[in-house]
Amino acid sequence: MTDFVTQVRGRLSGDRELVFVQDNGEPARLTFAELDRRARAVAVWLTERGMTDRPALLLYPAGLDFTVAFLGCLYARVPAIPAPLPDAGAPHSSRVAALLRDSGAHLVLTDPAHMSQLSGLSARVVAPSADPDAWTAPDLRPDTIAYLQYTSGSTSEPRGVEVSHGNLLHNLESFLSLAGAEPPRRLAGWLPHYHDMGLVGLQLHALYAGADLVFMSPNAFVARPVRWLELISRYGADWTVSPDFGYSWCTRRITDEQLAGLDLSTLGMALSGAEPIKAATLADFERRFGPAGFRPTTWNPGYGLAECTLMVACVPRGQGVTVRSFAASALEQHQAIADPDGVPLVACGPVAGLDLRIVDPESCAPAPDGGIGEIWVAGPSVALGYRGRPEETRATFRAGGGRWLRTGDLGFLLDGQLYVTGRIKDVIIVNGRNLYPQDLEEAASRANSAGGRSAAFGIRRPDGREHVVLIQEVRHGDPVVLSETADRVMDLVTREFGIPLSLMLVARGGVRQTTSGKLRRRYMRELFRGGRLTPLHAELEPAVHDLLRVRS
-6 MTDFVTQVRG
4 RLSGDRELVF
14 VQDNGEPARL
24 TFAELDRRAR
34 AVAVWLTERG
44 MTDRPALLLY
54 PAGLDFTVAF
64 LGCLYARVPA
74 IPAPLPDAGA
84 PHSSRVAALL
94 RDSGAHLVLT
104 DPAHMSQLSG
114 LSARVVAPSA
124 DPDAWTAPDL
134 RPDTIAYLQY
144 TSGSTSEPRG
154 VEVSHGNLLH
164 NLESFLSLAG
174 AEPPRRLAGW
184 LPHYHDMGLV
194 GLQLHALYAG
204 ADLVFMSPNA
214 FVARPVRWLE
224 LISRYGADWT
234 VSPDFGYSWC
244 TRRITDEQLA
254 GLDLSTLGMA
264 LSGAEPIKAA
274 TLADFERRFG
284 PAGFRPTTWN
294 PGYGLAECTL
304 MVACVPRGQG
314 VTVRSFAASA
324 LEQHQAIADP
334 DGVPLVACGP
344 VAGLDLRIVD
354 PESCAPAPDG
364 GIGEIWVAGP
374 SVALGYRGRP
384 EETRATFRAG
394 GGRWLRTGDL
404 GFLLDGQLYV
414 TGRIKDVIIV
424 NGRNLYPQDL
434 EEAASRANSA
444 GGRSAAFGIR
454 RPDGREHVVL
464 IQEVRHGDPV
474 VLSETADRVM
484 DLVTREFGIP
494 LSLMLVARGG
504 VRQTTSGKLR
514 RRYMRELFRG
524 GRLTPLHAEL
534 EPAVHDLLRV
544 RS
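So that you can map any letter, position 368 of the sequence shown is 361 in my numbering, and since no number is skipped, the others follow by simple counting.
Written out as C-alpha cells, the structure is:
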C-alpha cells in the first residue's frame, strides 16, 4: 500500500471519533465511519466537476468541516491547499490572492457560514447530495501530490510545498514510531489545521494511528488557555502537540483555581516544536503543572519543517528532556563547546528515518566535529519541491548532488541528538560575532517580564557596520514606565552581549508573526527601515535614527 487514502481507509472504522469542542464548550462529534462516508461524497462531488489533479483552496474555520473537505480532496486526487480564513470583511486579502495566483487553484471550498464573506472568490460549499457509494478509488502512487502546504512566510513570501502521498506516509509512520509499544489512544490539541504541525501532527496523525481526536479552535485557546488542558483532563488524552508558545502561555495565564481542576496524569507524550524550544519554558511548565500530574518524562522536543512534511527529529516516548549548556562566545563563532554556565539548548532528539548532515552553509563542506552548520536532510519525508518554482526547488531540495534538502536552519549533532541554534538568515553578525536573535529576545523578556513579543534583527549603518535593533511589545503607555522599561532592557542586553543596541517599544500586536506563531524578523526589519512602526518609546543610535529619517 503506497498511498495515504488506502492506508487510512482501513483504519476509519469502529467507534473512534473526532470531537471538536466549540467555543461555547459544546462538543460536535463525527465517527471515523461517518467521516469516511462524507469524504467519499465530497470526492464524488469534486470528480463530477473535473477537479482531478487540479488544486483546491480550503478556507474553513476550525472544526469538522475542514477535515471532511481535506480528506475528500485526497479521495478525489485533488491537491488540497489548507489556508487560514481571511479577516472578516476582507475576502480579497493579499494572502488569499497570492495563494490563488501561486497555486493555480481552480476552486475555493468553504462552509455555509462563510459563503457570503468569500463570495468575491466564487467560493463553493460542497453539496451534501452526492452519493458516497458512487466513489471509486483514484490511481494514487507514492509520488502523487497529496496537498500543498504553504510555508508561513517567516523569512519570505509563502511558497507551496508539494507533499506527496509517499512523503505523508513516511512522516506519519515516523510519528507513530515515537510511541514505541504504546500507540496513541486519544490526541488533544488546538493547533490550526493550516499549519503543518496541526494538520500532520494532530489531525492526520490521529487518523493514521486510528486514535480519537479532541480539538478546539486556536482562538479559543489563546483567549482561555486552560481549555486545552481541560480537554486533556476531561477526555483522558495521552498525546498532544504544541509550539513552545502554547506551553508558555499556559504557564503564564492559568490561575491556581483553574490548576486545581486539572488532571494531566494520562498524558504520555507532549511534543514541542515548530519554533525554538526554550529550556525555561519546559522547566516552568513542569513546575507549574507537576501537581496536576504532568511528568518530566512526558516531554518530546522535536524539530521539523514543511519542506520535510513535518518531522525531522524528535525525542521518543519516555526519554524526557536533555538540556546542555554551551559557551556563548563559542556559539558566536559557530562552535558548540560545553560550558555549565553557558547558554542552555534543548536536544531535539535523534533523526527519524532520515539522513541528516551538518554542512558549512558557504562551502557546503561537512562541518567539523563540534561545528555548527546548516542542517541538511534527505529521505522519503522530503517533499517534492515548491509548486511552480523550479529554480527555488533546485536550490533548496536538490543540494549535494541532488538528494539533500537545505533547511536554512543552523544546528549541530551531539551524542546522536540534534540541537538547533537558529536560522541562517536571522543570524546577526556584529564585529565578527554571530549573534542569535532569540538569545537577544530572551534577554529582553527577562528584563521586562510583563512585556509581549520581541524581535531582534540587524541593520546596516551608513558606515557599513551591522547594528542590532530590538523591537519589544509593552502593555503600558505611561512615559515614565516606558522610560524605566527601556532602561532595564538596554542595560541587561548590552551588559550580557557587550554590543551597542537600538530599542523601540511598541504596543501589543506591533511585533508581527506568521499564522503559525513564528516571528517575522525580516518583515519587522522592513517595517523599521521604512519608518512604518509606531513607537511608544525609542532609544535609537544617532546613525540609525538618521538613516530612518532619510528613508521616511
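Virtual Cβ for every residue (Gly too), placed ideally from N, Cα, C.
- Residues of the same chain with a CB within less than 6 Å of the CB of R178, apart from the 5 flanking positions on each side, are A204 and D231 in chain order.
- Taking the CA atoms as reference points, P528 sits about 12 Å from L463.
- Excluding sequence positions up to five before and after R453, its CB lies within less than 8 Å of the CB of E459 and H460, all in the same chain and listed in chain order.
- Under the DSSP definition of a beta bridge, P75 partners with L51.
- Shown here, M209 sits in coil according to DSSP, grouped into three states, outside any helix or strand.
- With fewer than 16 other CB atoms across the displayed protein chains lying within 10 angstroms of its CB, D124 is exposed.
- In this structure, A440 sits near V482, with a CB-CB distance shorter than 8 Å.
- Taking all protein chains shown into account, V467 has 16 or more neighbouring C-beta atoms within 10 Å of its C-beta and is therefore buried.
- Note on geometry: alpha-carbon atoms of D471 and P176 lie some 53 Å from one another.
- Residue pairing from DSSP leaves A358 without any beta-bridge partner.
- In this structure, A263 lies near T291, with their beta-carbon atoms less than 8 Å apart.
- In the three-state DSSP reduction, H460 falls in the strand class (E or B).
- In the three-state DSSP reduction, I270 falls in the coil class, being neither helix nor strand.
- Fewer than three Cβ pairs drawn from the region 64 to 83 and the region 350 to 365 lie within less than 8 Å of each other, which leaves the two stretches out of contact.
- Where L93 is concerned, the enclosing alpha helix (DSSP H) starts and stops at S87 to S96.
- Rounded to the nearest whole angstrom, the CA to CA distance from I368 to W38 is 43 Å.
- Residue pairing by DSSP places R4 in no beta bridge whatsoever.
- The beta carbon of C243 is closer than 8 Å to those of P218, V219, W221, L222, F278, R281 and F282 in its chain, skipping five residues each way along the sequence.
- For G415, the secondary structure class from DSSP, reduced to helix, strand or coil, is strand.
- A straight-line Cα-Cα distance of about 15 Å links G415 and A323.
- According to DSSP, residue pairing for D402 in a beta bridge involves R416.
- Per DSSP, R317 is one residue of the beta strand (DSSP E) stretching across V316 to F319.
- For the alpha helix (DSSP H) assignment, the uninterrupted runs of no fewer than 4 residues enclosed by the region 466 to 497 are, from N- to C-terminal side, 472 to 490.
- Counting along the chain, the unbroken alpha helix (DSSP H) around H163 starts and ends at H158 to L171.
- Straight-line measurement puts the Cα of R4 at about 43 Å from the Cα of R515.
- Of all C-beta pairs linking the region 427 to 444 to the region 371 to 385, fewer than three are shorter than 8 Å, placing the two stretches out of contact.
- In the DSSP assignment, T24 falls within the beta strand (DSSP E) that extends over P20 to T24.
- Less than 8 Å divides the Cβ of G335 from the Cβ of S318.
- The alpha carbon of G425 has as its nearest neighbour, out of C341, G401, Q326 and G491, the alpha carbon of Q326.
- As summarised for the region 105 to 156, the continuous beta strand (DSSP E) elements at least 3 residues long and confined to that stretch are 138 to 143, given in chain order.
- A direct Cα-to-Cα measurement between R518 and E534 gives close to 16 Å.
- CA-to-CA, the gap between F13 and D132 works out to about 32 Å.
- Annotation for L428: I421 place their beta carbon closer than 6 Å to its own, counting only its chain and skipping 5 residues before and after.
- Exclusion of the five residues before and after A62 leaves V35, L51, Y53, L102 and V119 as the residues of its chain whose Cβ lies within less than 7 Å of its Cβ.
- Residue environment for M108: exposed (fewer than 16 other C-beta atoms within 10 angstroms of its C-beta).
- C307 is bridged by DSSP to G295.
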